[in-house]
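Enquirer:
Residue numbers (my numbering): 1112 to 1284.
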């Protein structure tokens, strides 16, 4: 899904919620946030986030999927396993019945390094966010992560992930 397609699907979602007289809120993370908020990539395979009221938004999303031949999980909340409370929300869109926001870049960096998925676009997203935030060392990245996640919740793979990114940056120049 590209930016314009995502925005169109979210507008449709708002229209369905309006028809049902429901006001929804959607916090976008993951690839969709990278597309919409930072224009760091052109597309994403789905829209990850948290949404309220969850069952109503989920049903409305299913209608959008049916109308547009999308997979049922085009909008999903699988990322909430990696989420902690979001202190600052950046508003992306205010549709009639749907408020769409994303966390700030530092939160997304922390979240993406905690998930540290090698087989996804996380690596490129993390490199983009490190550059966007002007972080010049692994220690600075760890400081950002610890603003959101206690040290005990930071898996070893996160350190390996960050260290490899900085080592590769030194090799690649």
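Beta carbons are placed, not taken as given, at the ideal position from N, Cα and C, and that holds for glycine.
1. Could you check whether residue 1158 and residue 1135 sit closer than 8 Å to each other, using their CB atoms as the reference points?
2. Would you kindly report the start and end of the unbroken alpha helix (DSSP H) that includes residue 1114?
3. Just the C-alpha distance for residue 1255 and residue 1261, rounded to the nearest angstrom, thanks.
4. What residues are listed by DSSP as bridge partners for residue 1159?
5. Looking only at C-alpha atoms, which of 1145, 1125, 1146, 1129 sits nearest to residue 1137?
6. So who's on the other strand from residue 1202, going by DSSP bridges?
7. State the DSSP-derived secondary structure class of residue 1242, mapped to helix, strand or coil.
8. Using the C-alpha atoms, what's the distance from residue 1164 back to residue 1276?
9. Are there 16 or more other CB atoms within 10 angstroms of the CB of residue 1185, so buried, or fewer, so exposed?
10. Quick one: is residue 1214 buried, meaning 16 or more other Cβ sit within 10 Å of its Cβ, or exposed?
11. Do you know whose CA, among 1273, 1141, 1243, lies nearest residue 1188's CA?
12. Cutting at 6 Å between CB atoms, please list the residues of its own chain near residue 1162, excluding the five before and the five after it.
13. Throw me the rounded Cβ distance for the residue 1128 and residue 1171 pair, which I believe falls under 8 Å.
14. Starting from residue 1152 and walking both ways along the alpha helix (DSSP H), at which residues does that stretch end?
15. Which first and last residues belong to the alpha helix (DSSP H) in which residue 1252 is found?
Expert: On the basis of the supplied data:
1. No, they are not a contact pair.
2. Per DSSP, the continuous alpha helix (DSSP H) segment holding residue 1114 begins and ends at 1114–1130.
3. Using only the alpha carbons, I get a separation of about 11 Å.
4. In the DSSP secondary-structure assignment, residue 1159 is bridged to 1140, 1187.
5. Of 1145, 1125, 1146, 1129, the residue nearest in Cα terms is 1125.
6. 1212.
7. Residue 1242 falls in the helix class under three-state DSSP.
8. Between the alpha carbons of residue 1276 and residue 1164 lies a gap of roughly 38 Å.
9. It is buried - the Cβ of residue 1185 has at least 16 other Cβ atoms within 10 Å.
10. Buried: at least 16 other Cβ atoms inside 10 Å.
11. The residue with the shortest Cα to Cα distance from residue 1188 is 1141.
12. Sequence-distant partners of residue 1162 (beyond 5 residues in either direction) whose C-beta falls short of 6 Å from its own C-beta, in its chain, are 1137, 1168.
13. Between residue 1171 and residue 1128 the Cβ distance is about 5 Å, and since that is below 8 Å, they are a contact.
14. Run containing residue 1152: none; DSSP gives neither H nor E here.
15. Counting along the chain, the alpha helix (DSSP H) containing residue 1252 begins and ends at 1249–1259.
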